[in-house]
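So the sequence shown is numbered by my numbering: it starts at 167 and just counts up by one.
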Amino acid sequence: MDYIPFGVPRLDGIIGGGAPPGNVVLLAGESGAGAREFLYTSATMNALSHADEELFNLHYGTLDDDATPPPEIHYISFTAGEEYLRREMGYTMDDEVVDAAGDHIEFHDLSPEYFQLSPIPREWYLGQPTQLEDLGHRHNRESVLGALGSTLSEHAPGNLVVIDSLTDLVASQSDEMTWSDIAMVIKGLEKASYQWGGLILVLVSTEALSNTELGVLKGATGGTLLFQWESGGSKRARTMVVQEFRGVLSRLETENIVQFETDINESGLDVSDIRKIR
Numbered sequence: 167m168d169y170i171p172f173g174v175p176r177l178d179g180i181i182g183g184g185a186p187p188g189n190v191v192l193l194a195g196e197s198g199a200g201a202r203e204f205l206y207t208s209a210t211m212n213a214l215s216h217a218d219e220e221l222f223n224l225h226y227g228t229l230d231d232d233a234t235p236p237p238e239i240h241y242i243s244f245t246a247g248e249e250y251l252r253r254e255m256g257y258t259m260d261d262e263v264v265d266a267a268g269d270h271i272e273f274h275d276l277s278p279e280y281f282q283l284s285p286i287p288r289e290w291y292l293g294q295p296t297q298l299e300d301l302g303h304r305h306n307r308e309s310v311l312g313a314l315g316s317t318l319s320e321h322a323p324g325n326l327v328v329i330d331s332l333t334d335l336v337a338s339q340s341d342e343m344t345w346s347d348i349a350m351v352i353k354g355l356e357k358a359s360y361q362w363g364g365l366i367l368v369l370v371s372t373e374a375l376s377n378t379e380l381g382v383l384k385g386a387t388g389g390t391l392l393f394q395w396e397s398g399g400s401k402r403a404r405t406m407v408v409q410e411f412r413g414v415l416s417r418l419e420t421e422n423i424v425q426f427e428t429d430i431n432e433s434g435l436d437v438s439d440i441r442k443i444r
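If you want it as structure tokens, here you go:
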């Protein structure tokens, strides 16, 4: 069985190529600790493997013999469009890499569904003022969770899908979308992903969740990568811990690896140091 590379070179090398197909992986982290950068790197490097082999070899290196990049990369956002996301990726990685990979990433902007029942003016997220005829159709539009489900059903099978971010859904809980609805969607997604055979990365901020809510999400996904800041003396370091991951965690435990220190450079996020149990 081929593995799907995360696009983070040293991590993929340590775990035998990447993630087993059919997984939902939760990227949970503190602000700025690397979870979002991991998401950007994964989408970009997998896309770059199709877009520019020379650039891919320069910034990633050689794929493991058991690793195969997915044929398509899909980026789902609830609040941002393609232009904004490309610019944000450019803050994390070299512009040449982002430009080359961007044409092989399909962006899905769900902001119309996300903002439609909010007091946010239409021109803020669509660039168009509200028309009188729009008001009559407002309550007939697809919900944001329905739009998410439709997008995943169409594009997730066999591919890499990144979801940016679950924090947006948590922040917009209402009578139309409760925490139970959000948790149930993630549980259903984990079941469906096993049949689809691709890889789905879900970003969430730990600061927006209670311990119980984070625990529910961990239990509903196949793997959890936790990104934190760690202080040592006068310096702060970004760290990543593989808390749960079927098919992967056992290999790390064999090597007694408990924590990764990460770094962000022109190629995106990568592992800079490995800490083992002493």
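Just so you know, even glycine gets a beta-carbon here, dropped at the ideal spot from N, CA and C. In this text, all values refer to a predicted model and were calculated from it rather than measured experimentally.
{"Item": "SER277 in three-state terms, based on DSSP", "Value": "helix"}
{"Item": "ALA199 - partner residues in DSSP beta bridges", "Value": "ALA199 is not bridged to any residue."}
{"Item": "Cα-Cα separation between ALA403 and GLU196, rounded to whole angstroms", "Value": "12 angstroms"}
{"Item": "Rounded straight-line distance, which links the Cα of ARG441 to that of THR210", "Value": "27 angstroms"}
{"Item": "CB contact flag (LEU435, GLU203, <8 angstroms)", "Value": "yes"}
{"Item": "PHE411 and GLY385 closer than 8 angstroms at C-beta", "Value": "no"}
{"Item": "Residues bridged to THR390 (per DSSP)", "Value": "LEU192, GLU410"}
{"Item": "Residue range of the unbroken alpha helix (DSSP H) whose run includes GLU427", "Value": "From DSSP, GLU427 is part of no alpha helix (DSSP H) but of the beta strand (DSSP E) over 423 to 431."}
{"Item": "LEU138, enclosing alpha helix (DSSP H) - first and last residue", "Value": "What the structure shows of the chain is the stretch from 167 to 444, and residue 138 is not part of that stretch, so it cannot be assessed."}
{"Item": "Run of the beta strand (DSSP E) containing ILE239, from where it starts to where it stops", "Value": "239 to 243"}
{"Item": "Backbone secondary structure at TYR360 - three-state DSSP", "Value": "helix"}
{"Item": "Buried versus exposed, by CB contacts within 10 Å (16 or more), TRP290", "Value": "exposed"}
{"Item": "Local conformation of ILE271 per DSSP, three classes", "Value": "strand"}
{"Item": "Three-state secondary structure assigned by DSSP to ILE180", "Value": "helix"}
{"Item": "Assigned secondary structure, ALA266 (DSSP; H/G/I helix, E/B strand, else coil)", "Value": "helix"}
{"Item": "ASP341 versus VAL351 - alpha carbon distance", "Value": "16 angstroms"}
{"Item": "Host alpha helix (DSSP H) of LEU369 (start-end)", "Value": "That residue, LEU369, is in no alpha helix (DSSP H); its beta strand (DSSP E) goes 365 to 371."}
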